[in-house]
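For the record, the sequence lines run as chains A and B.
Under the working numbering, the first residue of the first sequence carries the number -18, and numbering increases by one thereafter.
Under the working numbering, the first residue of the second sequence carries the number 36, and numbering increases by one thereafter.
Backbone N, C-alpha and C fix where the C-beta goes; we use that ideal spot for every residue, glycine too.
Here the structure is a predicted model, which means the values were calculated and not measured.
Structure first, then comments.
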Amino acid sequence: ETGVTQSPTHLIKTRGQQVTLRCSSQSGHNTVSWYQQALGQGPQFIFQYYREEENGRGNFPPRFSGLQFPNYSSELNVNALELDDSALYLCASSLGLAVSTDTQYFGPGTRLTVL
Amino acid sequence: SQQGEEDPQALSIQEGENATMNCSYKTSINNLQWYRQNSGRGLVHLILIRSNEREKHSGRLRVTLDTSKKSSSLLITASRAADTASYFCATALVRGGSARQLTFGSGTQLTVLP
């Protein structure tokens, strides 16, 4: 167990809808990163939040947005869902900003299916 | 695009055999990490090797890094059925001070047959 939880486990939405995915980081972890993992692929970086501010973003459109709260929880919001958004969404928390050296603790993921 | 690419894409071995997976990457790195993922669940950090290290061991895991060839390998010795999982290498590209994102390869699916 990594101490990172995500909810819900599975979610089914239709194209055009909006979705909110939640992550609860380890206590004391100021950094949370979100990744999208399509079937059969490696995770792709969406964005990172550090102390409630976005601190880096991958190649994802603005309809992917996030929030981080003082209680070490965070959200990933996706608007205007598209079929290609179907994937496993992973959050990862760490103590500091340096993902190259700080161990990333991943949650079990939320499986999103867009019909 | 993926920074790292694992080879082979899939590997099937008998319990007790050794499993070797390779990873190639494209740009200079500070270090390289290996992760394990069980059947579409979260990733678990296995081992980190720094760019100035050539080899590192952790239990039954042995990782090598060749920065001149931009490649790394993960060796799992005396494999067990419980080692069945996907294995990913990940690199961090340093921009403006600290690396903010991990870039993963497409993974090797390892199946260990009992």
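Put residue i into one of helix, strand or coil per three-state DSSP.
i           : result
Asp83(A)    : coil
Phe41(A)    : coil
Thr143(B)   : strand
Gln(-1)(A)  : coil
Glu50(B)    : coil
Glu40(B)    : strand
Glu63(A)    : coil
Ser6(A)     : coil
Gln22(A)    : coil
Thr119(B)   : coil
Thr(-10)(A) : coil
Thr138(B)   : strand
So is residue i buried or exposed if we call it buried at 16+ other beta carbons inside 10 Å?
i           : result
Glu33(A)    : exposed
Thr143(B)   : buried
Glu41(B)    : buried
Ser(-12)(A) : exposed
Pro149(B)   : exposed
Asp65(A)    : exposed
Gly21(A)    : exposed
Gln(-1)(A)  : exposed
Arg71(B)    : buried
Phe139(B)   : buried
Gly(-3)(A)  : exposed
Arg43(A)    : Note on residue identity: the sequence assigns Pro, not Arg, to residue 43(A). Classification for Pro43(A): exposed.
Ser74(B)    : exposed
Ser63(B)    : exposed
Asn19(A)    : One point to set straight first is that residue 19(A) is Ala, not Asn, in the sequence displayed. Result: exposed.
Taking DSSP's pairing of strands, which residues face residue i in a bridge?
i         : result
Ala68(A)  : Leu93(A)
Gly47(A)  : Leu57(A)
Ala45(B)  : Gln144(B)
Glu35(A)  : Tyr30(A)
Val13(A)  : Tyr30(A) and Ser74(A)
Thr126(B) : Leu67(B) and Thr138(B)
Kindly list the residues whose CB is nearer than 6 Å to the CB of residue i, restricted to its own chain and excluding five residues on each side of it in sequence; keep chain order.
i        : result
Asn58(A) : Thr1 and Ser46
Arg92(A) : His(-9) and Leu69
Arg38(A) : Phe28
Ala45(B) : Gln144
Leu96(A) : Thr(-5)
Cys58(B) : Gly39, Glu41, Ser107, Cys124 and Gly140
Arg97(B) : Leu110
Ser93(B) : Ile82
Phe50(A) : none
Could you name the residues of the same chain whose beta carbon sits closer than 7 Å to that of residue i, not counting the 5 residues immediately before and after it, in chain order?
i        : result
Ser8(A)  : Tyr53
Ser74(A) : Val(-15), Ser6, Gln7, His10, Thr12, Val13 and Tyr86
Val31(B) : Since the first and last residues shown for chain B are 36 and 149, residue 31(B) lies out of range.
Thr84(A) : Ser75
Pro89(A) : Gln(-13)
His80(B) : Gln68 and Tyr70
Kindly list the residues whose CB is nearer than 8 Å to the CB of residue i, restricted to its own chain and excluding five residues on each side of it in sequence; keep chain order.
i        : result
Arg89(B) : Thr99, Leu100 and Asp101
List in chain order: all unbroken beta strand (DSSP E) runs of 3+ residues lying wholly within the stretch 53 to 117 of chain B. 54 to 60, 66 to 72, 78 to 85, 90 to 93, 96 to 101 and 106 to 111
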